Each structure stands twice: as C-alpha cells, then as structure tokens.
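The block underneath contains the structure these notes are about, expressed in structure tokens.
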Amino acid sequence: MSDSDLGLHTGRSYEEILKQRQDDEGYKTATTDEQARVEETVLKFYRSCKDTDPILLRPKHIQFLKKSIAHLNDTYECLDSSRPWLCFWILHSLTILGERLEDEEYSKIAGFLAKCQSPTGGFGGGPGQYPHLASTYAAVNALCTMGTREAYDVIDRKNLKRFLSSLRGEDGSFCMHENGEIDIRGAYCALATAKLTNVYTPDMFKDTAEWIAKCQTWEGGFGGCPGMEAHGGYAYCALAALVMLGKTELCHLPELLRWIVNKQMRLEGGFQGRTNKLVDGCYSFWQGGTFPLISAILSMQGKAFNNSDHWLFNQEALQEYILTCCQNPHGGLLDKPGKNRDIYHTCYVLSGLSVAQNSPTKSIIGMRPANKVEKKKEKKKKSQKEKKGIPKRRWNT
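The sequence shown begins at 241 in the numbering used here and counts up by one.
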C-alpha cells in the first residue's frame with residue numbers, strides 16, 4: 241500500500257499531510273535539513289494511525305505527574321532555582337486532567353512554597369533564594385490552583401505588593417528581579433500576580449501597556465523587549481497583559497493574527513515558536529492559547545467569522561500532533577518525537593490540547609470523547625472545599 245493510499249482516523253488524510261512537505265526550492269541549508277528530518281519522523285508516527293485512532297493516555301500521565309511530586313531524576317537538577325515552577329506545572333496538569341490530590345499533599349506543597357517566600361515579599365526559586373518575578377508567578381498560581389485556605393494564607397500580600405512595585409521601571413517595564421533582566425515576562429508575571437491576589441492598582445502599571453506595545457515587531461508578533469525577534473511565548477504574555485490592562489487597542493491585531501496563523505506547521509500540525517524554527521509541543525499553548533484572546537477581542541469589536549465554532553487555527557491538526565507525536569507511552573508529554581518527556585512540556589502540551597478541544601461556542605472540537613483532556617466532574621460530588629465549608633477566596637484591597 242502506498243503512502244497516498246493510507247487514511248488517518250484523526251481528521252486529515254495521510255495524502256493531504258504528505259502534500260505539506262517543505263519545499264526547499266533546491267537550496268539546502270542546515271535549517272531545511274533539520275526540518276526535513278523532523279517531518280520524516282512525524283510522518284512515521286502518522287503512518288501508525290492507519291488502523292486506530294490515537295488516544296489520550298490519561299491514567300499514564302496522571303501516574304507520571306503524581307510520581308514526580310515525590311521524586312525527580314537528576315535531569316531536573318538544573319531547575320533547582322525553579323522549584324515553584326515544578327509545583328505549578330504538576331498541579332496545573334493534574335487540574336486539567338480532573339485529578340485532585342489528597343489534602344495532606346496540598347498541605348505539604350503549601351508548606352514548601354511558604355519556605356520559598358521572601359520576608360521582603362515575593363517568592364524565590366527555592367528556600368532562601370532571592371525573590372524573582374517568574375517564581376513568584378509560579379508560586380502564586382500553584383497556591384491558587386490548590387485553592388485551600390492554608391494555601392491562600394501563605395501569600396504575604398502586603399509585602400508582595402511592595403515587591404512587585406519595586407521592580408517597575410520608569411517606562412512601565414518590569415525587571416525579573418532586583419537589578420535583573422527586563423522583558424515582557426516581567427510585565428506579564430507581575431500583572432497576573434497582582435490581579436490574582438487583588439493587589440493591583442493602576443499606578444503600579446503606569447505606562448506598562450505602552451511599553452508592551454513597543455515590543456510588537458515588523459512581523460506582527462512580540463519580542464521580549466523593543467527591537468527583539470517575535471516569539472510565541474512573548475506574544476502570549478504581551479496580549480494577555482494587554483487584555484488584563486484593558487488596552488488591547490494598542491496591539492496591531494491584524495498583523496499579530498497574520499504572524500501567528502503562520503506559526504502552525506503545515507505538515508506536523510503543531511506550532512513553532514519563531515520563524516524558521518522547528519515544531520515544539522509547548523507552543524501548543526504559547527501560540528494556541530493566544531487565539532482565544534484574539535477571538536474575544538474580535539468579538540468585542542463586533543467582528544465575526546463564518547467558521548465561528550473554531551478558533552482561527554486548525555484545531556484538529558494540533559490535536560493530531562499532540563495525541564500522535566507528543567505522548568510518552570509510559571506517561572508524560574514531550575516536545576517532539578525523539579525527545580524525552582518532562583514536566584514542563586506535560587503542562588503546556590496538555591494546556592494546548594485543552595485549547596484545541598474548546599471553541600468560541602459550547603462545541604467540543606475533537607475526534608473521540610475519550611480524548612477530551614478536561615475530564616468532567618460528576619455534578620453530584622461535592623468539591624473538597626465544599627465538604628470543608630471553605631468559601632471561594634475573595635481578597636479585599
């Protein structure tokens with residue numbers, strides 16, 4: 241049977257996918273050679289779908305994540321200064337999969353994150369480390385994801401507000417830590433943290449939206465700071481920050497949309513982070529997660545599209561890539577075939593899968609119900625917070 245005779249059970253036919261091979265126009269480079277190798281590897285995985293649909297290995301992923309709470313191998317030593325991120329990635333992934341931990345586990349995690357909090361405000365990458373905006377964002381999100389009273393009470397909001405304000409520059413930008421680097425991550429992490437904990441004030445973010453707007457590039461995406469190359473992670477942070485600030489009119493939306501739709505790889509179905517780079521599973525969220533924001537902005541502007549039950553990218557193709565190419569058979573998700581699984585990619589690939597399966601309407605986009613990443617909870621069951629009488633947290637200013 242020839243390649244063109246094969247038919248995938250996941251949406252696109254194999255023949256359609258084959259037509260999307262890159263055309264190097266007779267001029268080979270290291271970049272085109274690497275792209276060709278990735279395409280051939282991905283095609284092998286798509287060929288394996290000729291008889292069965294790919295399935296979401298939910299129990300395996302849950303097992304991998306729960307094991308990672310108690311034990312990580314030595315490859316994670318380089319993330320010793322990012323330990324709140326490890327907590328967030330695991331907790332967020334489990335939440336997407338509809339899995340809750342025991343209260344004792346949440347208590348241990350909250351206790352650990354409390355040790356990462358600086359007495360002067362903010363959270364460091366580990367106990368005793370200097371406070372950093374990225375680890376502060378991760379710690380606050382992890383605590384809010386757990387949603388217990390003990391977790392909420394960890395956050396020293398008074399000193400947190402002081403810490404966030406101390407990192408703002410005169411032009412509205414934010415550095416990641418005292419005397420640290422300045423980029424869009426800083427503005428986004430500070431803003432999201434301030435909004436989550438209700439310490440936000442307009443003065444804290446004076447001129448921040450205008451500074452972010454200067455980071456939009458000639459391509460249409462956003463760089464880390466003015467003059468830098470457009471990048472998927474920075475683009476998400478930029479647009480999300482502008483949404484939170486209510487200043488989306490400062491973004492040249494048509495240019496951003498043109499840039500981001502061209503970041504979805506035609507053959508693979510996943511996203512690249514920058515122009516002429518390879519597909520990477522984590523951009524399923526960093527690029528894919530920007531589309532719902534764009535859709536919401538366009539909706540507020542009264543602009544509609546014929547295919548209004550989809551975001552403005554090929555959601556089925558992204559699901560094909562994730563379910564076929566990004567799952568380790570023993571649990572955990574990854575960048576691309578041939579790469580190792582890790583917690584970071586597990587978090588953002590699952591997040592991207594969730595984006596790809598949802599839509600502007602109530603429609604669920606997907607090939608089979610078993611692959612719905614966001615597992616529905618039974619309505620009759622009460623949440624842990626309801627059982628203990630813990631109300632949803634509302635911080636006062």
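In this text, a Cβ means the ideal position worked out from N, Cα and C, and glycines have one as well.
Owing to the predicted nature of the structure, the values given are computational and were not obtained by experimental measurement.
Give me, in chain order, the residues of the same chain whose beta-carbon lies closer than 6 Å to that of residue i; leave out the 5 immediate sequence neighbours on both sides.
{"i": "Val380", "result": "Thr433, Leu436"}
{"i": "Gln260", "result": "Arg506, Leu507"}
{"i": "Leu297", "result": "Gln567"}
{"i": "Gly529", "result": "Tyr476, Val595"}
{"i": "Lys503", "result": "Phe511, Gln512, Gln527"}
Taking only three categories from DSSP, how would you classify residue i?
{"i": "Cys415", "result": "strand"}
{"i": "Gln597", "result": "helix"}
{"i": "Val613", "result": "coil"}
{"i": "Val439", "result": "coil"}
{"i": "Arg397", "result": "helix"}
{"i": "Gly364", "result": "strand"}
{"i": "Ile645", "result": "In the structure as shown, the chain starts at 241 and stops at 637, and residue 645 therefore has no counterpart that could be examined."}
{"i": "Pro631", "result": "Residue placement at Pro631 is poorly supported in this model, since its pLDDT is 44, which falls under 50; the coordinates are not used for a value here."}
{"i": "Phe638", "result": "Since the first residue shown for the chain is 241 and the last is 637, residue 638 is missing from the structure and cannot be characterised."}
{"i": "Arg408", "result": "strand"}
{"i": "Ile604", "result": "coil"}
{"i": "Gln527", "result": "coil"}
{"i": "Gln541", "result": "coil"}
{"i": "Gln357", "result": "strand"}
{"i": "Met468", "result": "coil"}
{"i": "Asp320", "result": "helix"}
{"i": "Glu560", "result": "helix"}
{"i": "Arg389", "result": "helix"}
{"i": "Leu334", "result": "helix"}
{"i": "Glu665", "result": "Examination of residue 665 is not possible in this model, given that the chain is present from 241 through 637 alone."}
{"i": "Asp447", "result": "coil"}
{"i": "Lys620", "result": "Since pLDDT at Lys620 reaches only 40, below the 50 mark, its modelled position is unreliable, and no value is offered."}
{"i": "Glu489", "result": "helix"}
{"i": "Gly251", "result": "coil"}
Sort out for me which residues DSSP pairs residue i with in a bridge.
{"i": "Ile257", "result": "Looking at the DSSP assignment, Ile257 forms no beta bridge with any residue, so it has no partner."}
{"i": "Leu194", "result": "Nothing about residue 194 can be read from this structure; the chain reaches only from 241 to 637."}
{"i": "Phe304", "result": "Phe304 pairs with nothing; no bridge assigned."}
{"i": "Val519", "result": "Gln512"}
{"i": "Gln262", "result": "Its beta-bridge partners do not exist; DSSP assigns none."}
{"i": "Ile422", "result": "Cys415"}
{"i": "Phe403", "result": "BP columns for Phe403 are empty, so no partner."}
{"i": "Pro462", "result": "First, the residue type needs correcting, since residue 462 is Phe and not Pro in the sequence shown. Partner(s): Gln456."}
Residues in its own chain within less than 7 Å of residue i by CB, not counting five upstream and five downstream?
{"i": "Ser322", "result": "Gly365, Ser375"}
{"i": "Ile330", "result": "Leu305, Ser308, Ile309, Ile583"}
{"i": "Lys189", "result": "The shown model of the chain, from 241 to 637, leaves out residue 189, and the question about it has no answer."}
{"i": "Leu428", "result": "Strictly speaking, residue 428 in this sequence is Tyr, with Leu absent from that position. Cys477, Ala480, Ala481."}
{"i": "Lys615", "result": "Leu337, Gly338"}
{"i": "Pro577", "result": "Thr281, Val282, Phe285, Cys565"}
{"i": "Ser347", "result": "Glu390"}
What's the gap between the Cα of residue i and the Cα of residue j?
{"i": "Trp551", "j": "Leu533", "result": "10 Å"}
{"i": "Arg287", "j": "Phe304", "result": "27 Å"}
{"i": "Gly420", "j": "Ala391", "result": "28 Å"}
{"i": "Ile562", "j": "Tyr267", "result": "31 Å"}
{"i": "Gly247", "j": "Ile336", "result": "Its pLDDT being 38, under 50, Gly247 is placed unreliably in this model, and the coordinates cannot settle the point."}
{"i": "Arg252", "j": "Phe511", "result": "17 Å"}
{"i": "Asp393", "j": "Ala557", "result": "43 Å"}
{"i": "Asp314", "j": "Asn580", "result": "14 Å"}
{"i": "Val278", "j": "Leu518", "result": "8 Å"}
{"i": "Thr637", "j": "Phe285", "result": "At Thr637 the pLDDT is 42, less than 50, meaning the model places this residue with poor confidence; the figure from the coordinates comes in the next sentence. Thr637 and Phe285: Cα-Cα distance of roughly 53 Å."}
{"i": "Gly232", "j": "Glu410", "result": "Residue 232 cannot be examined here, being either before or after the span of the chain that is shown, 241 to 637."}
{"i": "Gly629", "j": "Met386", "result": "Note that Gly629 scores a pLDDT of 47, beneath 50, so its modelled location is shaky; the value from the coordinates is reported in the next line. Distance between the alpha carbons of Gly629 and Met386 is about 15 Å."}
{"i": "Leu573", "j": "Thr564", "result": "11 Å"}
{"i": "Ile537", "j": "Leu493", "result": "9 Å"}
{"i": "Val501", "j": "Gly368", "result": "43 Å"}
{"i": "Pro359", "j": "Ser413", "result": "24 Å"}
{"i": "Leu353", "j": "Arg402", "result": "19 Å"}
Need the endpoints of the alpha helix (DSSP H) that residue i sits in, please.
{"i": "Cys455", "result": "Counting along the chain, Cys455 falls outside any alpha helix (DSSP H), and DSSP gives it neither H nor E."}
{"i": "Ala374", "result": "373–386"}
{"i": "Glu508", "result": "Premise fails: Glu508 is in no alpha helix (DSSP H) and is neither H nor E."}
{"i": "Asp273", "result": "270–287"}
{"i": "Arg498", "result": "493–501"}
Within 8 Å: the Cβ of residue i and any heavy atom of the ligand COA?
{"i": "Ser322", "result": "Among the components of this structure there are no ligands whatsoever, and the ligand COA is therefore not found."}
Keeping to the same chain, check which residues put their C-beta closer than 8 Å to that of residue i; ignore five residues upstream and five downstream.
{"i": "Leu326", "result": "Ser308, Leu312, Tyr316, Leu319, Ile583"}
{"i": "Ile604", "result": "Gln597, Asn598, Lys612"}
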